[in-house]
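Residue numbers (the working numbering), protein chains in the order written: chain A, 85 to 408; chain B, 2 to 319.
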Ligand SMILES: Cc1ncc(C[n+]2csc(CCOP(=O)(O)OP(=O)(O)O)c2C)c(N)n1
Ligand SMILES: [Mg+2]
């Protein structure tokens with residue numbers, strides 16, 4: 085296994101799948117000549133040519149609509165949204181077309197496409213460019229929503245997403261491309277729709293994903309020094325949501341905190357916590373807490389932005405609170 | 002045009018250049034964050050355009066907005082303070098480089114969703130039409146923005162509703178790394194007006210006098226006929242798309258060729274040739290712009306950051 089970055093892991097997954105299956109191609113803004121705005125597809129244009137690495141106009145509706153159409157007739161497009169915020173400009177295709185076409189036409193069509201989208205705050209990009217709106221997309225049956233927190237999962241889940249016969253929204257985090265981790269070389273598949281214990285512990289369960297995983301791991305390291313052993317369950321897929329490992333862990337620890345980067349209201353935590361109460365109410369020794377973004381649009385100013393985003397000390401404090 | 006006005010335009014172009022050069026340095030020094038898109042090379046477009054408006058005419062643009070803000074009369078102090086995320090910025094440090102606006106100066110924002118502000122521009126004009134005045138709205142956007150649905154919906158709406166919008170496309174040859182001919186079905190953006198039965202014009206965007214004259218003509222047409230109009234200004238950005246652009250998509254020769262066509266140099270030569278001003282008068286304006294930029298940096302650096310309470314302010318009208 086090699087220790088590589090999230091960027092390299094995603095890049096590897098794309099390349100391996102393009103090499104494996106000629107039906108796989110990429111389209112999006114600046115994916116080709118530029119090499120991807122986050123350099124994920126650097127070198128792809130030279131290797132695969134403009135037929136398989138398609139630079140598009142700035143036209144999110146056309147990008148996603150065309151990807152859907154090509155998928156319906158048997159290709160496997162990977163449509164890149166430069167940031168997930170631009171999905172709002174093409175919301176109809178993300179939530180109203182791709183996830184519905186199969187069902188509405190009685191199972192006649194398949195839409196085997198991936199939408200790769202970069203989300204997250206923390207880069208001082210201002211209110212319209214910094215969102216973590218994952219929960220909105222996870223609301224819609226028919227769409228699969230994946231958001232990895234480690235390079236190995238990014239590779240394994242992206243490869244599975246590309247092979248999936250259903251539309252997958254694959255959400256990456258703008259501040260995590262340099263995160264390093266052990267990643268198996270070559271064929272490495274992670275199952276979609278399976279949560280995973282990323283750190284075992286016995287005192288408190290943290291349920292999280294993506295950026296929340298990075299923060300929670302740091303919080304767990306700190307808490308370990310005080311003798312608190314946190315178990316971290318990484319959702320990895322937001323829809324379909326796999327509660328099994330969450331409930332199992334909670335039944336053992338009886339205390340839990342849910343960490344997400346998005347807003348708390350109507351968020352991922354809201355969904356996870358209500359399912360925990362529905363299915364394991366009797367196991368709770370303390371109210372389950374949520375750590376999330378303050379209920380404000382993200383500002384440009386760095387200090388204010390950092391104050392609005394969930395931070396490691398917030399997680400540490402919440403864990404201590406549920407242990408009281 | 003009177004001398005005063007011409008010299009003011011010259012000063013503004015130099016001021017934009019100096020402010021942005023300092024901005025780039027401050028960005029490199031880590032004092033400015035996020036995305037910052039420089040206007041260097043394109044100064045003649047917004048300078049000529051805004052010089053032709055009346056103060057009651059509204060202006061709205063995309064994220065490449067520092068120059069537009071300065072031309073509209075927002076002070077260099079405020080522009081610099083916003084870049085540094087300070088409370089004294091016009092957006093209180095909450096907007097940053099891409100989000101400069103001033104209701105007082107009739108500047109309705111830098112907007113960062115490509116094309117997103119075009120229907121809003123139609124709305125500004127709709128509001129004025131509804132109020133029964135003959136203000137016009139000047140809406141600026143890039144070549145890349147003419148390929149997104151927003152552009153087409155907004156142009157169509159402005160035509161069928163007789164809205165007073167002057168649509169101005171700054172064709173700087175690229176949307177990020179994508180050359181116009183790789184992204185647009187037609188490479189003269191003005192042709193897109195034809196499909197909407199809209200009048201259009203194409204002007205050399207490196208020559209501020211030509212831009213001014215074309216803008217004047219267009220503004221008069223829009224005001225008098227209550228019809229929208231599309232003006233394409235052909236220009237070039239001398240710097241990358243935003244800070245940190247590796248610029249793999251264009252040759253340095255091409256950049257050099259355009260740089261020889263510097264809009265400030267062209268205007269300076271014009272002013273001298275037509276004996277509008279002497280070398281020493283222009284040098285004095287250069288010095289003034291430099292001094293105002295220095296002062297703006299001092300002001301911005303000395304200004305306080307927004308307090309934490311600002312985080313929760315202005316989410317709603319309280
Ligand atoms: C809806 C949307 N899609 C993509 C982007 C990312 N983006 C920002 S600027 C830009 C290029 C715009 O080019 P153009 O309209 O020509 O303006 P220029 O930058 O050249 O001034 C892109 C793709 C965005 N901000 N909004
Ligand atoms: Mg452009």
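Yeah, the Cβ is synthetic: ideal placement off N, Cα and C, and Gly gets one too. Just so it is clear, the structure is predicted and the values come from calculations on it, not from any experiment.
Which runs of the alpha helix (DSSP H) spanning at least 4 residues fall entirely within the region 115 to 168 of chain A, listed in chain order?
128 to 132 and 144 to 156
State yes or no: is the C-beta of residue 173 of chain A nearer than 7 Å to some heavy atom of ligand 1?
Reading the first chain from its first residue, position 89 is the one you call residue 173 of chain A. Correct: residue 173 of chain A has its Cβ closer than 7 Å to ligand 1.
Applying a beta-carbon distance threshold of less than 8 Å, which residues of chain B neighbour residue 114 of chain A?
The residue given as residue 114 of chain A occupies position 30 in the first chain. 177, 178 and 179, listed in chain order.
Can a CB atom of chain A be found closer than 8 Å to the CB of residue 311 of chain B?
Here residue 311 of chain B refers to the residue found at position 310 of the second chain. Judged by the 8 Å Cβ criterion, residue 311 of chain B is in contact with chain A.
Pick helix, strand or coil for residue 254 of chain A, following the three-state DSSP scheme.
Taking the first residue of the first chain as position 1, residue 254 of chain A is located at position 170. Three-state DSSP puts residue 254 of chain A in a strand.
Who are residue 323 of chain A's beta bridge partners in DSSP?
Taking the first chain and counting its residues from 1, one reaches residue 323 of chain A at position 239. The partner list for residue 323 of chain A (beta bridge, DSSP) reads A:229.
Quickly, what does DSSP pair residue 388 of chain A with across the bridge? List them, please.
Within the first chain, residue 388 of chain A is the residue found at index 304, counting from 1. Note: residue 388 of chain A sits in no beta bridge, so no partner.
Can you tell me whether residue 318 of chain B is buried or exposed, with buried defined as 16 or more other CB within 10 angstroms of its CB?
As a working note, residue 318 of chain B is residue 317 in the second chain. Around the beta carbon of residue 318 of chain B, fewer than 16 other beta carbons lie within 10 angstroms, which makes this residue exposed.
My guess is that residue 137 of chain B and residue 224 of chain B are in contact by the Cβ rule of under 8 Å, so how many angstroms apart are they, rounded?
Indexing the second chain from 1 puts residue 137 of chain B at position 136. Indexing the second chain from 1 puts residue 224 of chain B at position 223. The Cβ separation is near 6 Å, so the contact holds.
So within the region 280 to 333 of chain A, which uninterrupted beta strand (DSSP E) runs reach at least 3 residues, ignoring any that extend past its ends?
Within the region 280 to 333 of chain A, the complete beta strand (DSSP E) runs of at least 3 residues are 280 to 283, 288 to 292, 314 to 318 and 321 to 323.
Would you report the Cα separation of residue 94 of chain A and residue 117 of chain B, rounded to the nearest angstrom?
Here residue 94 of chain A corresponds to residue number 10 of the first chain, with the count starting at 1. Here residue 117 of chain B corresponds to residue number 116 of the second chain, with the count starting at 1. Their Cα atoms are separated by approximately 30 Å.
Within its chain, find whatever has a CB closer than 7 Å to the CB of residue 125 of chain B; leave out the 5 residues flanking it on each side and keep chain order.
Stepping through the second chain from its first residue, residue 125 of chain B is reached at position 124. Result list for residue 125 of chain B: 59, 61, 109 and 138, in chain order.
Can you find a heavy atom of ligand 1 that lies under 7 Å from the Cβ of residue 25 of chain B?
Mapped onto the second chain, residue 25 of chain B falls at position 24. Distances between the C-beta of residue 25 of chain B and the heavy atoms of ligand 1 are all 7 Å or more.
What are the complete alpha helix (DSSP H) segments, minimum 4 residues, inside the region 50 to 83 of chain B?
67 to 72
Quick one: complete beta strand (DSSP E) runs, 3+ long, within the region 138 to 180 of chain B?
138 to 143 and 166 to 172
Should residue 292 of chain B go down as buried or exposed, given a rule of 16 or more other Cβ atoms within 10 Å for buried?
Stepping through the second chain from its first residue, residue 292 of chain B is reached at position 291. Looking at its Cβ environment, which holds fewer than 16 other Cβ atoms inside 10 Å, residue 292 of chain B is exposed.
Where do the N-terminal and C-terminal ends of the beta strand (DSSP E) with residue 231 of chain B fall, by residue?
By one-based count along the second chain, residue 231 of chain B stands at place 230. In this chain, the beta strand (DSSP E) harbouring residue 231 of chain B covers 230 to 235.
Going by other Cβ atoms of all chains shown within 10 Å of its Cβ, with 16 needed for buried, is residue 239 of chain B buried or exposed?
Walking along the second chain from the start, residue 239 of chain B turns up at place 238. Burial call: buried.
Closest to residue 262 of chain B by CA distance: which of B:13, B:45 and B:311 is it?
Working through the second chain from its first residue, we reach residue 262 of chain B at position 261. The shortest Cα separation from residue 262 of chain B among B:13, B:45 and B:311 belongs to B:45.
Smallest Cα separation from residue 295 of chain B: which of B:26, B:113 and B:199?
The residue given as residue 295 of chain B occupies position 294 in the second chain. The shortest C-alpha separation from residue 295 of chain B is found at B:26.
Closest to residue 287 of chain A by CA distance: which of A:152, A:405 and A:166 is it?
As a working note, residue 287 of chain A is residue 203 in the first chain. It is A:405.
Identify the residues that DSSP records as bridge partners of residue 94 of chain A: which are they?
For the purposes of this step, residue 94 of chain A is taken as residue 10 along the first chain, with counting starting at 1. Answer is none; residue 94 of chain A lacks a bridge partner.
By Cβ distance, which residues of its chain are closer than 8 Å to residue 249 of chain B, with the 5 residues on each side in sequence left out?
As a working mapping, residue 249 of chain B is identified with position 248 in the second chain. In its chain, beyond the 5 residues on either side, 178 have a beta carbon closer than 8 Å to the beta carbon of residue 249 of chain B.
Assuming residue 148 of chain A contacts residue 110 of chain A under a Cβ cut-off of 8 Å, what Cβ separation, rounded to an integer in Å, is found between them?
Taking the first chain and counting its residues from 1, one reaches residue 148 of chain A at position 64. Taking the first chain and counting its residues from 1, one reaches residue 110 of chain A at position 26. Not quite, the Cβ-Cβ distance comes to about 13 Å (not below 8 Å), so this is no contact.
Alpha carbon to alpha carbon, how far is residue 226 of chain A from residue 183 of chain A?
For the purposes of this step, residue 226 of chain A is identified with residue 142 of the first chain, where counting begins at 1. For the purposes of this step, residue 183 of chain A is identified with residue 99 of the first chain, where counting begins at 1. Roughly 4 Å between the two C-alpha positions.
Does the region 330 to 340 of chain A touch the region 15 to 30 of chain B, meaning 3 or more C-beta pairs lie closer than 8 Å?
When Cβ pairs closer than 8 Å are counted between the two stretches, the region 15 to 30 of chain B is seen not to touch the region 330 to 340 of chain A, the count staying below three.
Contact between the region 87 to 105 of chain A and the region 154 to 163 of chain B is defined here as three or more beta-carbon pairs at a separation below 8 Å; is this criterion met?
Under the Cβ criterion (8 Å, minimum of three pairs), the region 87 to 105 of chain A does not count as touching the region 154 to 163 of chain B.
Contact defined as beta carbons within less than 8 Å: I believe residue 152 of chain B pairs with residue 63 of chain B. What is the distance between those atoms, to the nearest angstrom?
Sequence index remark: in the second chain, residue 152 of chain B carries index 151 (1-based). Sequence index remark: in the second chain, residue 63 of chain B carries index 62 (1-based). 12 Å between Cβ atoms; not a contact.
Per the DSSP calculation, residue 87 of chain A is bridged to which residue(s)?
Indexing the first chain from 1 puts residue 87 of chain A at position 3. Residue 87 of chain A is bridged to A:266.
Looking at chain B, which residues of the region 118 to 146 of chain A have a Cβ within less than 9 Å of any of its Cβ atoms?
Result list: 118, 119, 121, 123, 139, 140, 141, 142, 143, 144, 145 and 146.
For a test of your reading of the model: does the CB of residue 263 of chain B fall under 7 Å from any non-hydrogen atom of ligand 2? Yes or no.
For this step, residue 263 of chain B is matched to residue 262 along the second chain. Incorrect: residue 263 of chain B has no Cβ contact closer than 7 Å to ligand 2.
Exposed or buried, which one is residue 279 of chain B when buried takes at least 16 other CB atoms within 10 Å?
To locate residue 279 of chain B, count along the second chain from 1; it is residue 278. Exposed.
Count the other C-beta atoms from every protein chain shown that fall within 10 angstroms of the C-beta of residue 226 of chain B, then say buried if there are 16 or more, exposed otherwise.
If you number the second chain from 1, residue 226 of chain B lands on position 225. Residue 226 of chain B should be labelled exposed.
Taking CB distances under 8 Å as the criterion, tell me whether residue 385 of chain A reaches chain B.
Locating residue 385 of chain A in the first chain gives position 301, counting from the first residue. For residue 385 of chain A, the nearest CB of chain B lies under 8 Å from its own CB, placing it at the interface with that chain.
Would you say the region 189 to 202 of chain B touches the region 252 to 266 of chain B, given that touching needs at least three Cβ pairs under 8 Å?
no
Considering only their Cβ atoms, is the gap separating residue 235 of chain A from residue 88 of chain A smaller than 8 Å?
Position 4 of the first chain holds residue 88 of chain A. Position 151 of the first chain holds residue 235 of chain A. Yes, Cβ-Cβ distance for residue 88 of chain A and residue 235 of chain A is below 8 Å.
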